[in-house]
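At position 36 of the sequence shown the residue is numbered 65 (the working numbering), and the sequence of numbers has no breaks.
Note that the Cβ used here is the ideal one computed from N, Cα and C, for glycine as well.
Predicted, not measured: the structure shown is a model, and the values here were computed from it.
The next block holds one structure in the form of structure tokens; read it before the comments.
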Amino acid sequence: MLHGMSTTVEPVSERSAAEVNEEIRALWRRSGGTLTTEQREIYQRLVMEWAAAAPDPAQAA
């Protein structure tokens, strides 16, 4: 049986890049600089969200 690839499109983050970046920084602070496997998965998800995030309106001038 063949399985098709998912056609689900990831939604664009509703948070600004600055907001996601702050969460990434907090993750690193909590981890003490060494991420567990679970934290690495969270980090990867956050980095993808950061890359897709809307620009911070306060930074746009």
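Cβ distance (whole Å) where residue i is taken to contact residue j below 8 Å
| i | j | result |
| --- | --- | --- |
| E52 | L75 | 6 Å |
Three-state secondary structure assigned by DSSP to residue i
| i | result |
| --- | --- |
| T66 | helix |
Residue i classed as buried or exposed, judged by whether at least 16 other C-beta atoms fall within 10 angstroms
| i | result |
| --- | --- |
| A82 | buried |
| E97 | Residue 97 lies beyond the range of the chain shown here (30 to 90); nothing can be said about it. |
Below-8 Å beta-carbon distance, residue i vs any chain B residue
| i | result |
| --- | --- |
| E51 | Among the chains of the structure shown, chain B does not appear; only one protein chain is present. |
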